[in-house]
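First comes the structure, then the notes that go with it.
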Amino acid sequence: MKGVWLMLIFIFVFSNLSAQEKIRVKAGDDFSEALSSFGIYRFPQFEQSDIFFRNGKESNGRLNYNLVVGEIQFINGKGDTLSIANPEELRYVKIDSVFYYYYDKKYTEILAGKEDDIKLGYWQQIKIEFEELGAYDRPAGGNDVKSYKNYNAPSGSTVYDLKANQNRIITREAKLFLVDKFGTTFPVTRSNVLHFFPQKKETILQYLNDNKTDFKKLKEVKDLFQFCKRY
2 MKGVWLMLIF IFVFSNLSAQ EKIRVKAGDD FSEALSSFGI YRFPQFEQSD
52 IFFRNGKESN GRLNYNLVVG EIQFINGKGD TLSIANPEEL RYVKIDSVFY
102 YYYDKKYTEI LAGKEDDIKL GYWQQIKIEF EELGAYDRPA GGNDVKSYKN
152 YNAPSGSTVY DLKANQNRII TREAKLFLVD KFGTTFPVTR SNVLHFFPQK
202 KETILQYLND NKTDFKKLKE VKDLFQFCKR Y
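Here my numbering = 1-based position in the sequence shown + 1.
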């Protein structure tokens, strides 16, 4: 991460229900180097993947999930990187062994559960804020982005250059959801878990009492979900 100045403000990645990690990247540096070895993508490379549409059609291609624009992208025959233009027409996408569904205008990664049943979903995205530099190159606040080159993705989101002449605050956000068979998402809470597994209420309550489950921790939520599906 040569030349990248990091200030970790909150570090809860992959552990909290509504997680945030904030990183400050110095002007002129490539912010993707501050995120991970995969840069702005979820997977280390564009993987040969399967695409299933609601109309029954199927396709395939080399896909990856772009954390900045929150879109699944592919590489076409010319080697160009493009976003799937009509995600609402998708049934689901399988990248490597990971399933993605398009719910509530965003891609949700399925951590557990079957298509026609209750599922545990995970969403993550990167957001960018900007700092002006004042006297002595100190942050002056504000959000002037006039000096940034950008382009609009098919969904209407904006992608900024990886390098820029202002400091950037990179925020990595993550959320967990319960997803029903109709694609409606619900926050992972005690009451919602009991709602979706009413026939197992007493068993679940005993589990929660014995394990003191923290609904803000991913591993504990996954363990609870697997318990609910198993018993």
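Think of the CB as a built atom: it goes at the ideal place given N, C-alpha and C, for glycine as much as any other residue.
Cβ shell of residue i (< 6 Å), same chain only, five flanking positions each side left out
| i | result |
| --- | --- |
| THR204 | TYR232 |
| ASN17 | Any reading at ASN17 must be qualified, since the residue scores a pLDDT of 40, below 50, and its modelled position is unreliable; the value itself is stated next. Here the set comprises LYS217. |
| ASN144 | Here ASN144 scores only 39 on pLDDT, less than 50, and its place in the model should not be relied on; the value that follows carries that caveat. Closer than 6 Å at Cβ, skipping near neighbours: PHE131. |
Beta-carbon proximity list for residue i, same chain, < 7 Å, skipping 5 on both sides
| i | result |
| --- | --- |
| TYR103 | PRO88, GLU89, LEU91 |
| SER106 | Looking at the sequence provided, one finds Lys at residue 106 rather than Ser. No residues qualify anywhere along the chain. |
| THR190 | PHE216 |
Residue range of the beta strand (DSSP E) that includes residue i
| i | result |
| --- | --- |
| GLN74 | 72-76 |
Beta-carbon spacing of residue i, residue j below 8 Å
| i | j | result |
| --- | --- | --- |
| THR109 | VAL180 | yes |
| ILE76 | PHE47 | yes |
| ILE127 | ILE171 | yes |
| PHE178 | TRP124 | yes |
| LEU64 | VAL94 | yes |
| GLY122 | THR186 | yes |
| ILE24 | LEU68 | no |
For residue i, the residue or residues it bridges with in DSSP
| i | result |
| --- | --- |
| THR172 | LYS23, LYS128 |
| ASN87 | Looking at the DSSP assignment, ASN87 forms no beta bridge with any residue, so it has no partner. |
| GLU48 | LEU64 |
| LYS107 | TYR104 |
| LYS95 | ASP51, PHE100 |
| TYR42 | ASN67 |
Sequence-distant residues of its chain with Cβ nearer than 8 Å to residue i (five each side left out)
| i | result |
| --- | --- |
| GLU59 | ASP51, ILE52, PHE53 |
Start and end residues, alpha helix (DSSP H) containing residue i
| i | result |
| --- | --- |
| THR204 | 202-212 |
| PHE197 | 191-197 |
Cα-Cα separation between residue i and residue j, rounded to whole angstroms
| i | j | result |
| --- | --- | --- |
| LEU112 | ASN61 | 22 Å |
| ASN117 | GLN74 | A small correction: the amino acid at residue 117 is Asp; Asn does not occupy that position in the sequence shown. If I take the Cα positions, the gap works out to 26 Å. |
| ASP224 | ASN212 | 10 Å |
| PHE15 | PHE228 | Reliability fails at PHE15, whose pLDDT of 38 lies under 50, so the model's placement of it is uncertain and no value is given. |
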